[in-house]
Structure formats: C-alpha cells, structure tokens
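A.B. asks: In our numbering, the protein residues as written are 345 to 583.
Using N, Cα and C, we set each Cβ at its ideal position, and we do this for glycine too.
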Amino acid sequence: MEQKSLPKHIGIIMDGNGRWAKKRGLPRTAGHKAGAKAFREIVKHCRKREIEYLTVYAFSTENWKRPKEEVDAIMKLLGEYLDEAFQHEDENKEICVKIIGDVAPLSTELKEKIRKLEEQTKNNVGITVNIALNYGGRDELVHGVKALAQRVKDGTLSPDAVTEELISSVLYTAEQPDPDLIIRPSGELRLSNFLIWQAAYSEFVFMDVLWPDFGAKELDAALEQYAGRSRRFGDITAK
Ligand code: IPE
Ligand code: IPE
Ligand code: MG
C-alpha cells in the first residue's frame with residue numbers, strides 16, 4: 345500500500361462487540377470473544393504496517409456498571425490473551441505489551457499475569473501495544489495530579505515548575521508520543537474518556553463497522569484517510 349504519511353501511534357476504541365453479538369442472536373460475551381480475535385489480528389497488521397505504538401481501549405473505568413457476568417467474561421478473555429502472549433514468546437518477540445489504567449482493583453491472578461507479561465516483553469523492539477484496562481482519561485489525570493501534589497507537599501516540586509510536559513510524564517503513556525490517529529468503529533461519535541489529554545491534536549476516524557468485523561482492510565482504510573489529512577497544530581502550514 346502506498347503510504348504518504350504514517351501515524352506513529354494509533355489509538356483504537358474497540359467498540360461494538362455487544363451489537364455484533366445481538367445481530368447474530370448470540371450473548372454479548374460471544375461478541376467480546378470475537379472482539380478479542382479481531383484485536384489479535386490488528387496487532388499483527390499494525391506490526392506489518394510498521395506502526396510503533398498501538399493503544400487499544402479494552403475496558404473503561406465506567407464499564408464496571410455492566411452486569412457482573414459480562415465484566416467477568418471480559419476479564420477472563422483478557423487473562424487468556426495475556427497467557428497466550430506469554431506462552432508464544434517467539435511469535436511475539438517484536439511486541440512490547442503494557443497495561444495502562446488502574447490495575448489496583450483487578451484480581452491478584454490478573455495482576456500477576458500482567459506483571460509477568462510486561463516483564464517478559466519490556467525489551468522487545470517493534471511495536472508497543474498498550475492495553476487500556478480499567479482506564480479512564482479523567483482517572484489517569486487524577487492519579488497524575490495526586491503524584492504531583494505529593495511532590496509539591498514534599499518540597500521537591502515548585503508549582504511554577506508544572507508544565508505540559510511534566511503532566512504528560514505522570515500519565516500512563518509517559519515517554520510515548522501522543523496518538524496521531526484515533527479510530528472508533530461501531531458508529532459512535534465520542535471519545536468515552538479515552539486518552540483525553542493525549543488526544544489534543546489527534547486525527548479522528550469514525551467508522552460504521554462493528555469491532556469484531558474490523559480487520560486489515562478497515563485499518564488500511566483508516567490509514568488512507570489519515571494520509572490525506574493536513575495537520576497544522578495551530579500553525580498555517582501543514583506539518
Ligand atoms: C466494546 O463493545 C467492548 C467494551 C466496552 C468492553 P461493547 O460491549 O461496548 O459493544 P456495544 O457498544 O454494546 O455494541
Ligand atoms: C468505550 O466503549 C470503552 C471501550 C471500548 C472499552 P463503551 O461502549 O463503554 O462507550 P459508551 O458507553 O458507548 O460511550
Ligand atoms: Mg459500546
């Protein structure tokens with residue numbers, strides 16, 4: 345594929361699993377299972393397209409409002425993905441996995457899987473895959489602000505020294521570039537608390553396809569749209 349300009353960092357809101365299942369007369373959990381499959385394929389395709397960072401929204405801080413059965417099924421699928429990625433070390437040697445979000449309320453078992461996989465993949469070079477799990481953009485800012493307030497209290501930070509860069513450095517995505525492109529399938533036109541600080545100058549692509557049906561073709565179509573955008577960052581000429 346001809347590519348004029350390629351995003352370094354892509355964010356994807358993996359939405360539409362429930363509707364995908366409903367259309368087929370299946371339980372919502374079947375939609376999440378199909379969504380997990382689509383995620384595996386997209387990681388491979390992003391690697392193929394030489395995308396350096398991929399952040400996927402897997403579970404929001406608001407998703408706890410869902411029935412326990414559904415929450416448990418999503419957590420189980422995440423655990424399975426982590427196990428599988430850990431076991432297939434060879435296939436995944438170009439993938440560095442990071443979980444972004446508040447892991448504190450997750451089960452001890454899931455936290456241990458996360459710790460092991462992050463440790464195993466931390467030096468992998470190729471693509472960094474951030475899985476946003478119990479992630480909320482506002483919650484992320486609350487955590488960051490608390491950390492900075494503590495430094496001020498300890499006398500190691502002056503309020504005047506707070507800069508945009510410093511705030512970025514206390515977020516889960518510290519040291520990573522901001523997302524250039526954010527894709528939301530499923531037809532919804534909102535961010536739903538995803539990367540709200542980091543998305544200040546992101547390009548958005550909204551698509552009508554439901555997440556389990558999202559594949560290489562859809563990703564390439566989004567990349568095509570991105571390549572046609574003119575990013576100015578407030579200036580009068582494209583960057
Ligand atoms: C996204 O699909 C997955 C999560 C939010 C965990 P949904 O479950 O939100 O699917 P719809 O939006 O109900 O179709
Ligand atoms: C956003 O989808 C969260 C994830 C995809 C994980 P939701 O389905 O939770 O978003 P809303 O409720 O439609 O805004
Ligand atoms: Mg949804």
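From which residue to which residue does the alpha helix (DSSP H) around A417 run?
C.D. replies: Counting from one through the sequence shown, the residue named residue 417 turns up at place 73. Element bounds for A417: K412 to Q431.
A.B. asks: Based on Cα-Cα distance, which residue from H432, P523, V400 and S546 lies nearest to Y479?
C.D. replies: By 1-based counting over the sequence shown, the position of residue 479 is 135. Among H432, P523, V400 and S546, the Cα nearest to that of Y479 belongs to V400.
A.B. asks: Which first and last residues belong to the alpha helix (DSSP H) in which Y461 is found?
C.D. replies: Numbered from its first residue, the sequence shown carries residue 461 at position 117. In the sequence on display, residue 461 carries Leu and not Tyr. Looking at the DSSP string, the run of the alpha helix (DSSP H) that includes L461 is T452 to T465.
A.B. asks: Buried or exposed: which applies to A382, given that a residue is buried once 16 or more other Cβ atoms fall within 10 Å of its Cβ?
C.D. replies: The residue labelled residue 382 in the question sits at position 38 within the sequence shown. A382 should be labelled buried.
A.B. asks: In chain order, what residues place their C-beta within less than 5 Å of a heavy atom belonging to ligand 1?
C.D. replies: Having a Cβ closer than 5 Å to some heavy atom of ligand 1 are D359, G360, N361, G362 and R363.
A.B. asks: What does DSSP give as the partner residue(s) for C440 in the beta ladder?
C.D. replies: Looking up residue 440 in the sequence shown gives position 96. Per DSSP, T472.
A.B. asks: Would you kindly check if the distance between the Cβ of N474 and the Cβ of I444 is under 8 Å?
C.D. replies: Within the sequence shown, the letter at position 100 stands for residue 444. Within the sequence shown, the letter at position 130 stands for residue 474. In contact: I444 and N474 (Cβ atoms closer than 8 Å).
A.B. asks: Where do the ends of the beta strand (DSSP E) carrying G355 lie?
C.D. replies: Position 11 of the sequence shown, counting from 1, holds the residue named residue 355. Unbroken beta strand (DSSP E) run through G355: H353 to I357.
A.B. asks: Is it buried or exposed for S530, if we count other Cβ within 10 angstroms and need 16 for buried?
C.D. replies: For this step, residue 530 is matched to residue 186 along the sequence shown. It counts as buried.
A.B. asks: Which residues does DSSP pair with T399 in a beta bridge?
C.D. replies: As a first step, residue 399 is located in the sequence shown; it is residue number 55 there, counting from the start. Paired residues: G355 and N474.
A.B. asks: Using the Cβ count rule (16 or more neighbours within 10 Å means buried), how would you classify I580?
C.D. replies: Position 236 of the sequence shown, counted from the first residue, corresponds to residue 580. When all chains shown are included, I580 counts as exposed.
A.B. asks: Counting only C-beta atoms, is R573 closer than 8 Å to chain D at any point?
C.D. replies: Chain labels in this structure do not include chain D; a single protein chain is all it has.
A.B. asks: Of the residues K388, E547 and G481, which one's Cα is nearest the Cα of N436?
C.D. replies: Residue 436 sits at position 92 when you count from the first residue of the sequence shown. Checked all of K388, E547 and G481; the closest Cα to N436 is K388.
A.B. asks: Expressed to the nearest angstrom, what Euclidean distance is found between the alpha-carbon atoms of D522 and A543?
C.D. replies: By one-based count along the sequence shown, residue 522 stands at place 178. By one-based count along the sequence shown, residue 543 stands at place 199. Straight-line Cα distance between these residues: approximately 7 Å.
A.B. asks: Quick check on the burial criterion: 16 or more other C-beta atoms within 10 angstroms. Buried or exposed for V469?
C.D. replies: Translated into positions along the sequence shown, residue 469 becomes position 125. Classification of V469: exposed, given that the 10 Å Cβ count is below 16.
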